[in-house]
Every structure is written in C-alpha cells, then in structure tokens.
Amino acid sequence: MLLYKDLDTRRVKATFAKVRTAIEAGDLRSPDVKKLSPTPYWRAKLDHTNRLLLQFARHGEETVCLALEVIENHAYEKSRFLRGARIDEAKIEHEPLLADPSQAGAARIADALPMRWIHPTRAEFELLDKPIVFDDAQEAVRRLPPPVVVVGSAGSGKTAVTLTKLREAEGHVLYVTQSAYLAQSARALYDAHGYENPAQEVDFLSYREFVETLRVPAGREVGFPAFRSWFDRHRQTVRSALGDLDAHAVFEEFRGVLSASAQGPLDLPTYLSLGPRQSLLAADAREAAHALFARYRQWLHESNLFDLNLVAHEWRPLAAPNYDFVVIDEVQDLTNVQLALVLACLKNPGQFLLCGDSNQIVHPNFFSWAAVRTLFWHGLAGQAAQHQALSVLQANFRNTRAVTDLANALLKIKQARFGSIDRESNFLVQSASSLAGQVRLLPARAATLRELDAQTRASVHHAVIVLRDEDKPAAREHFRTPLVFSVHEAKGLEYAHVVLYALVSGQRAAYAEVCQGVTPADLQIDELAYARARDKGDKSLELYKFYVNALYVAMTRAVESLVLVESDTQHPLLNLLGLQVAEAQTQAGTPVQASSRDEWAQEARKLELQGKDEQARAIRETFLQTQPVPWTPWSEDTMGTFAPRALDRAQPSNKPRQALLDYALWHGQQAWVEQLASQAQFAPARRLAPDGNFGWAAGFIAQDSQRVREQAWREVGLLRQRYLQPYTARNFKDLLRQCDQYGIDHRCPTGATPLTMAARAGNLALVDALLARGANPLLEDEFGHTPWFAALNRAMEDGEFLQQSIGPLFERIAAPVLDVQSDGRLIRLERHQGEYWILSLMLAGFKTQRTWCVQRPLDLYRYGKGFFADELNATLTGLPEHLWRAQRHKRSYVNQVLARAEVHSAYLPARRLWARTTNGHYLPNPHLQLRAHAAADAPAWRPVYQVLNLAWADAGSFNPQVWGASLKNYVDSLLRA
1 MLLYKDLDTR RVKATFAKVR TAIEAGDLRS PDVKKLSPTP YWRAKLDHTN RLLLQFARHG
61 EETVCLALEV IENHAYEKSR FLRGARIDEA KIEHEPLLAD PSQAGAARIA DALPMRWIHP
121 TRAEFELLDK PIVFDDAQEA VRRLPPPVVV VGSAGSGKTA VTLTKLREAE GHVLYVTQSA
181 YLAQSARALY DAHGYENPAQ EVDFLSYREF VETLRVPAGR EVGFPAFRSW FDRHRQTVRS
241 ALGDLDAHAV FEEFRGVLSA SAQGPLDLPT YLSLGPRQSL LAADAREAAH ALFARYRQWL
301 HESNLFDLNL VAHEWRPLAA PNYDFVVIDE VQDLTNVQLA LVLACLKNPG QFLLCGDSNQ
361 IVHPNFFSWA AVRTLFWHGL AGQAAQHQAL SVLQANFRNT RAVTDLANAL LKIKQARFGS
421 IDRESNFLVQ SASSLAGQVR LLPARAATLR ELDAQTRASV HHAVIVLRDE DKPAAREHFR
481 TPLVFSVHEA KGLEYAHVVL YALVSGQRAA YAEVCQGVTP ADLQIDELAY ARARDKGDKS
541 LELYKFYVNA LYVAMTRAVE SLVLVESDTQ HPLLNLLGLQ VAEAQTQAGT PVQASSRDEW
601 AQEARKLELQ GKDEQARAIR ETFLQTQPVP WTPWSEDTMG TFAPRALDRA QPSNKPRQAL
661 LDYALWHGQQ AWVEQLASQA QFAPARRLAP DGNFGWAAGF IAQDSQRVRE QAWREVGLLR
721 QRYLQPYTAR NFKDLLRQCD QYGIDHRCPT GATPLTMAAR AGNLALVDAL LARGANPLLE
781 DEFGHTPWFA ALNRAMEDGE FLQQSIGPLF ERIAAPVLDV QSDGRLIRLE RHQGEYWILS
841 LMLAGFKTQR TWCVQRPLDL YRYGKGFFAD ELNATLTGLP EHLWRAQRHK RSYVNQVLAR
901 AEVHSAYLPA RRLWARTTNG HYLPNPHLQL RAHAAADAPA WRPVYQVLNL AWADAGSFNP
961 QVWGASLKNY VDSLLRA
C-alpha cells in the first residue's frame, strides 16, 4: 500500500493500521473492500462510520493499493475525489462479498492505473493526473527552500516536481512558460482530482498571457514565417555584410542578442563591444545587422505586429510586485528580458523556481545558464539566488533505454566538439525505463520508404519529424501520415514511435561541422567532465547549436522506438552515434495495427489544443472525411432570410412562420413570438398571446396571465423535448454514426453541435462518448453559447437539472478559466472564484434575459433590467457543494462579488466585469472583451456584446411602448455613459 501525501489518518490511526496490514497481506475480506461503481474508486471499512477511499495500480507484475482519503461519517458527497458522485451506502453494504480474493484481484487489475516507477522503500506518492512516486533527487528538490533552479532532461519529471512545489506555496503564485499548451496542461495537472489549496491564489499563464495581464499588446505577434518574408525582401542589401546567414540565424540574432538584454535593446556601441561568443556575427558585420534591426522595428510598427522582447522592455514600468512565488517552466525558451519582466513581479525577489534544459533550446534566444546567473548578480533575484546551487534531475522516466543511450551519445559528441556549455548542463541522462526499446538506421531508398510508410501511415502512435518547416513537403512525398512535424513543432510532443527523416542528410555540412575532430575514443566515457572550449573566439557552438539541439529534441520525442531514415547512411555523425544500417530482415519492423477513427479524432483534437492546426486539419482530411448534413440547420442567417416572409401576412406558406416560431421558442426569443402573433396573425403564436396585440406582456397584465404562462411553458417544453429526445436516449449508436458521416462537430437541425445537444439533455454517457471522439467543447453558436453555456442556460430555468446534471457536466466541459479583457489588460477568472460563476451565468443567460420563467416569476420579464442578484443567488445555491460551498449560500456574498467587480468599484484588483443598471440588477460591462476561440486568423479579442450577438438577440423587439427601450438601445446607453 502506498499513501497519498495529503492523506490524513490522525483520527483513525489504529483502524487504518489494521486495514493496511490486511490489504498488504492480500486480505480484502476483513476490511470489506468494495467497488464504488460507477467510479474508478474502492472503499474499505475503517469502522462503523468511517471509510478509506482506495484505488489500485499496476507496476510490472505487482499490484499496488493507493490509499487516497479518509471519508468520515459516510459523507461521500464531501469527498474531493468523488466530486459529488452519488453513492448509495445501502447498496454498497448489501453487495455480496467476493468470496475468492483472487477474483477480487482480477477485478482490481481490470481498471488498475499503470505506474512507471515506484521507490524501493518510500511508501508515499504524489498525485497529479496520476500517482507519481519521486526518486531521491526529485524528493530533494521538493524539499528545497526557494530560490530553486532545476535542470532536467526530457522526461525527467521537472514539471511534476515544480507543480508539487507550487502546490505548497502560499499567497498569490504564478506558473509561467512559453507554451500556452504547456500552461494549460500544467493547470489540468494541478487541478486534477479536485485539488485546492485555500492558502493560495494561483495563475497559470503562457508568457504571452502573462504580458497581457500587464497590458494587451496591439496587433499580432510576429512569427518566423512573417519575419522570413520580410528578410527575403532585404537579403540582397545585407548579403555582403552578413554573408550566408539565413533568416533563422538573423532572427536569432535579433531575438537572442539585439533585443534580449534586460537593460534594453542594444545601442550600436554596446552591440559592437560584445564578446566574440555573445553574437553570431563578427564585429565587422554587426553595424549592418544593427541598421537592419532598426528597419525591422519600423516594419513591426507599420505592419501592426509586435515582438515580445520589445514589448517586455516597454511594459517594464507596468510590472508590479504582485506574486509571492513564481515557477518558470522551460526557462530556456525565454530571453533575459522576458525572464527579468517576470521576476520583477515578485514581492520577495528570491521566491521563485526556474527549471529547464539548455540541450532543448530550439527557440532563437541565445539562452545560457551563465546569463541567468548574471541576472541574479544584477540583483533582480536577490542575494539568496546569487549563491543558489542548481539541482540536476538526471533520471529519464519517458524514453526507453535504447533511445536514451542514443541521446547520451549525442551529448557526448556535443561536449567533445564544443566543450561544456556550462556547469549546469554537464550531465548524461539515466533511463528509468524497464523497456529496452529500439533504434534503427534505414537507407532512404524507395522500397524502404514505401514499406515504412505502409507501416506508419494509419497509426496515431507513429510520427515523422523533419528539421524545419521547409523540409516537410519533401517528407510528405514519401510519408502519407498526417503526423509530420518540424522539430520546432514537435517540441513538447511525444509519440511511442518516431521516424526522423533526413535530419542529418538534409544538412550534411552542418552536421559534419558538429562532429568535426571528434573520435570514437572521445566518447568512451561514462560521465561528462567539465571542460570549456579552448578557443574563446570560436563561434561554432553558437552557429551549430540549433542543429545538435534539434537532433536531441527530435530523438527524445520517441518513447519506445526510433527510426532514422538517411540518404547518407555513412555520415560521420551517424557513425559516431554507433548507428549501422539495419539488416534486411530487420528493416521491415513489426506490423503496425491501424488506429481507429476515434483514435484519430482524439489525436486531431489534442493537436488543435496544442496549436498544431496543420496536422489536425490533415487528419480530418485523411481519416475523418465527412459530408454535408442533408438538412438546413437553424442559424441567424437562415432565420434572417425567413423572417420577412414569416411576418408577411400575405405570404401563403406557414413553413417559414413555424420555423421562426420553433427557433424563437428553442432559444427563448419571445419577441419573435410577439411579432408572429401580432404582425403575421400566426395561430400557434396567438395561442401564446391571446389578446393579439401586445401578447405576453398584456397576458401578464390580464386575468388569465397564469394560464398564458403555463401554456407557453408547455409549448416550450414540448418543442425542446422533441428536439432533445434523440440525445436523451441511452442507446445513441445512430447519433454516433451520424457523427462519423457528418463530422463530430456537425450542426444538428437546431444549429447546435451534438455535444451541445447532449449537454443540454444532461446525457453524461453521450457527452463522454462525443468527447472521446474529439468533440470540441469550445465551439459557439450564434449567441456565443458553448456546450457548457447551453447546459448552464437550462440550469437557470430547471432546478432539477441544476442539481443533478450541472456538477458532472462541469467536470467534463466547463472552461477551466474565463479570459476577459478589461481596461486593456487580461483578467483571468478561475473556476473557484465567485466572479467566474456570476459572469458565466450572465453569458449563458443573456440571450434569454428578457424571458419570463414560470417557475420563478419575479418580474414581468425575468431579467428585464439586467441580471437580478436574488435570481443569480437562487441558481448558485442550487449548485453541488463541491462547486459552490455552503459558506457562500448567502445573498450578502453574491452582493459582495457583484459590488467588487462593478465598473465603478474601487476594489483591487479592479476587474470591472459588469455594470449596475439599477439597484440589484447588472449587465456585462459593455467595454469588456472576451478571448476568441475561433480560427487562427480571427481577432484574438471580441467585444462581449458582439460575442453574445446583441443585435440579433434584440432583433425581435418591436414595440417600445410595451417593452421599454430595446435591449440594444439600453446597452448603447451604458456604452455612452
């Protein structure tokens, strides 16, 4: 039995010891261990009232019992791990005991978690998304006081260690890294299994998002493709001075040298005075480069582009000491000025943790640990950091032994050729894998390539990596898999099997320089000895580090096996690496099982989240081909076409009128019903507005208002039941077949995606099935509704749905954060914050904010003047306990949250999320902007009322005498104010 680090057994010490002894002896009967279906957890009896929550894992042939949590007084609903799952204690108690312990073991193993490594003596484990046992080096890092600097190879568990230390910090803490996907993944790991630390407020941000919290830069960030196009236009004018330096090298000079200093962009005298190894250029070429850099800055301004280095210089005065502790992951991807900007936001300069690996530098930034130490000596990190030793994590828990050995051989060549980069990166990697793995070298012959393509093209577990983006077309001539990446794209990814195509042969000269003068005898070492290059003026490391680092990164993407395909199989680097062309009988490899359609759909979704849109699109075109739906989904465009005909009393056909009525009832757009009743005299609409003039408004005033309400509510209920019925069924095979035919995110007749319909129906099994096939939970309809907002919209009207379905749906499809822009800066709302929930209710309920509700008739129209605090509180108090704690079940708490985030509030931090329209009523701040989740070429931010489609939501309003000012006019008045 392994014990979770946060397991508290103080009140049940004696009984816990007995249960532990029994389970470790293989006795599951005495502690009455039983499965808590349908969860993955088990429970053991500690005594009459207390239970021990368990899970089982497998390490090799060994079964491991994980003790997670003590549940006191049968209070399963309060369990952090069960997350509100309904557990019927009576049914558990009356389940028949498993008579044969071996049978219990078989059941255990069926859903056991895999564990890659366990400590031979330590019985404590950490828990992120999965249980992790730290080795001695990782545990030593976890216990270090800040400041901490961690150097670790790919797969060394750096992120797990840093997140564990982050969980232990107090106050306002920050995790920041270059990659937005890594930041999102780290957040998911941190939050896994409902983890919360009430002593801290934590932000997970990409470096770009961190900058946006200070101020959102105008325009778009410049990327290498745009830079290359610009540089190609100026290449001839600087060729004589810069020689054969390509766009990649010049981009690195600009980003890693000229604009990277924490003291500001280098002026010409400072740039000319740099040492020979501090720049890619010789002294006589730097003047031309500096002049070109000035033109680069002018081009950025004229093209509405920004460079994050230059932004970091400009934003430095905005940096305030807001954070008590900071973790910077993959620090090698940041430049000095970017690092300095982050550290400037610390309250106490030494309260940080940095981690990275200089062998994985593929971003153009000229990073070195020596430069980081220089930052410390300039006082940016305090006196403690200046003398802080670096911690090295040498174990590799990702790659098999064969892949690790090859990567180590490359590190030996790198050191023998260029000398030690620095003391901190001077180590080899130790594989902790129990698998031998395989590395093969194959000749780039047509027959070999065809056979390799046939083996790999249909599997999501095989990827092809080339050196640079411009090398991908050549690879695609031979490999039909959609999973073709450049090294820059592949960083951060991992695949079981990787093919490296022409990395060395495609750059013969560069890789010949990488191994020039290195002999096999130089590699006969077991560890790297620290030795700097003899020639201080030798720029070889700076010029060729991209090639050696890129090859290292590409190799370490392979978890199990690696294949190098080269036309020059006798290249000296390949010989030094000990690679020989595989024997004919072993070249073919083992047959590969084709991945299912669902697996490809999941891979496409994963790549979309990582920003790999090119590969995700290729997957959809290759393996997920779909056809258009045979119906016309409801949409703003469709109804905008129908409306003039539907409202024309002379139009003989009722088809557009019925379509508009159904659309109006589905979306809660009662104004359209009013128009259909009064203008078109449409009988079904008139039944919902019997006076025939002002419809529902008059109906409320008339004596039969209750009858009108109930009739309308029945109409809405019947219509929604009709359209939701297929999505409430337990057997949904036909729906999944439709998804295969039309695409997982196709538009249903109502205009919603299948995931939105399943979420609104509360069908958790269907939601899980759609998510498993790669459904996108961020897709919006014309009212800005994601699947989560659609479910939340229903929950605001349906108390039973709120209590039973919203909790499980939240865990599956709710956005982990809400990103809004207020006063020109990013405001990130976390799930545990009251503002997250109130703004979510406003966004989810806006389209129906003029809808009356028969269950809660508080006003003529439910939110006629805006969102009413009492109504918001009524919805929030219906949430499950783990989402909205009982301490918040007070109107005063909601009032406090509303007041502190109001546009005129003096509260700090000022969020300014909504405007008070009258006493107790609020609407979203008209100046607010929401981050877009649309196509990459779409604007990054959109005004909130554009997202909510205010003009269309208000389009049916036609009678100001009854309705008052239209919603659009009302919001416009707020804008003017």
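Counted the way full-length UniProt numbering counts, the sequence shown spans residues 1 to 977.
All C-beta atoms in this analysis are idealised placements derived from N, C-alpha and C, irrespective of residue type, glycine included.
Tell me whether residue 976 is buried or exposed, calling it buried when 16 or more other Cβ atoms sit within 10 Å of its Cβ. With fewer than 16 neighbouring CB atoms inside 10 Å of its own CB, residue 976 falls in the exposed class.
Ordered along the chain, which non-local residues of its own chain (more than five positions away) have a Cβ less than 6 Å from that of residue 119? Correct list, in chain order: 133.
I want to know whether the segment 3-18 touches the segment 59-74 - three or more CB-CB distances under 8 Å. In the pairwise beta carbon analysis, the segment 3-18 is classified as touching the segment 59-74: at least three pairs are separated by under 8 Å.
Give me the Cβ distance between residue 151 and residue 392, rounded to the nearest whole Å; I'm assuming they're in contact under 8 Å. At roughly 5 Å, the Cβ-Cβ gap stays under 8 Å, so residue 151 and residue 392 are in contact.
Endpoints, the alpha helix (DSSP H) within which residue 799 is located: For residue 799, the enclosing alpha helix (DSSP H) begins and ends at 799-804.
I'd like to know whether the C-beta atoms of residue 549 and residue 361 end up nearer to each other than 7 Å. Contact flag set, yes.
Flag this pair as touching only if the segment 207-217 and the segment 821-831 have three or more C-beta atom pairs under 8 Å; answer yes or no. The segment 207-217 vs the segment 821-831: in contact.
What residues match up with residue 131 in a beta bridge as DSSP calls it? Residue 131 has 127 as its beta-bridge partners, per DSSP.
Report the residue ranges of all beta strand (DSSP E) runs contained in full by the segment 487-516; include only those spanning at least 3 residues, in chain order. Fully enclosed beta strand (DSSP E) runs of 3 or longer: 495-501.
Pick helix, strand or coil for residue 679, following the three-state DSSP scheme. In the three-state scheme derived from DSSP, where H, G and I count as helix and E and B as strand, residue 679 is classed as coil.
So what does DSSP say about residue 323, is it helix, strand or coil? Strand.
Given residue 766 as reference, the closest of 790, 735, 281 and 748 once Cα atoms are compared: Of 790, 735, 281 and 748, the residue nearest in Cα terms is 735.
Identify whether residue 723 lies in helix, strand or coil by the three-state DSSP scheme. If DSSP states are grouped into helix, strand and coil, residue 723 belongs with the helices.
Would you check if there are 3 or more beta carbon pairs closer than 8 Å linking the segment 557-573 to the segment 390-409? Result yes; three or more Cβ-Cβ pairs closer than 8 Å.
Here's the rule I'm using: 16 or more other beta-carbon atoms within 10 Å means buried, otherwise exposed. How should residue 907 be labelled? Burial state of residue 907 is exposed, judged by a 10 Å Cβ sphere holding fewer than 16 other Cβ atoms.
What's the call for residue 273, buried or exposed, on a 16-neighbour Cβ count within 10 Å? Classification of residue 273: exposed, given that the 10 Å Cβ count is below 16.
Any chance the segment 450-459 sits against the segment 469-476, with 3 or more Cβ pairs inside 8 Å? Contact between the segment 450-459 and the segment 469-476 is absent: fewer than 3 CB-CB pairs across the two stretches fall below 8 Å.
Hey, quick one: how far does the alpha helix (DSSP H) through residue 315 stretch, first residue to last? Its alpha helix (DSSP H) spans residues 308-315.
Compare the Cα-Cα distances from residue 786 to each of 229, 756, 30 and 663 and report the closest residue. It is 756 whose Cα lies nearest to the Cα of residue 786.
Can you find the residues in the same chain that come closer than 7 Å, C-beta to C-beta, to residue 117, ignoring five residues on each side of it along the sequence? Here the set comprises 133, 397 and 432.
Give me the residue from 643, 846 and 880 with the minimum Cα distance to residue 866. Ranking the options by Cα distance to residue 866, first place goes to 846.
Tell me the residue span of the alpha helix (DSSP H) that contains residue 657. Here the alpha helix (DSSP H) through residue 657 covers 655-667.
Assuming residue 1001 and residue 484 make a contact with CB atoms under 8 Å, what is their CB distance in whole Å? What the structure shows of the chain is the stretch from 1 to 977, and residue 1001 is not part of that stretch, so it cannot be assessed.
Leaving out five residues on either side along the sequence, give the residues of the same chain with a beta carbon under 7 Å from the beta carbon of residue 489. In chain order, 612 place their CB closer than 7 Å to the CB of residue 489, counting only its own chain and leaving out the 5 sequence neighbours on each side.
On a CA-only basis, which of 781, 521 and 607 is nearest residue 637? Give me that one, please. It is 781 whose Cα lies nearest to the Cα of residue 637.
What are the start and end residues of each continuous beta strand (DSSP E) run of 3 or more residues lying completely inside the segment 20-69, in chain order? For the segment 20-69, whole beta strand (DSSP E) runs of length 3 or above, ordered along the chain, are 42-45 and 51-59.
With DSSP run on the structure shown, which of helix, strand or coil describes residue 16? Here residue 16 sits in helix by DSSP.
Segment contact flag, the segment 489-500 with the segment 509-529, C-beta cutoff 8 Å, min 3 pairs: Between the segment 489-500 and the segment 509-529, the count of Cβ pairs shorter than 8 Å is below three; the stretches do not touch.
Sorted by chain position, which residues of the same chain lie with C-beta nearer than 7 Å to residue 293's C-beta, five sequence neighbours on each side aside? So the list reads 254 and 258, once near-sequence residues are dropped.
Rounded straight-line distance, which links the Cα of residue 191 to that of residue 9: Going by the C-alpha atoms only, they are around 23 Å apart.
Supposed contact pair residue 750 and residue 666 - C-beta distance, whole angstroms, cut 8 Å: That belief holds up - the Cβ atoms of residue 666 and residue 750 are roughly 6 Å apart, short of 8 Å.
Three-state secondary structure (DSSP) of residue 785: Residue state for residue 785 is assigned as coil, using DSSP reduced to three classes.
Per-residue DSSP class, three states only, for residue 915: Strand.
Do the CB positions of residue 367 and residue 332 come within less than 7 Å of each other? Cβ distance < 7 Å, so residue 367 and residue 332 count as in contact.
Alpha carbon to alpha carbon, how far is residue 99 from residue 30? The predicted model places residue 99 with a pLDDT of 41, which falls under 50 and marks its position as unreliable, so this point remains unresolved.
Between which two residues does the beta strand (DSSP E) holding residue 558 run? It spans 558-566 - the beta strand (DSSP E) in which residue 558 sits, taken as one unbroken run.
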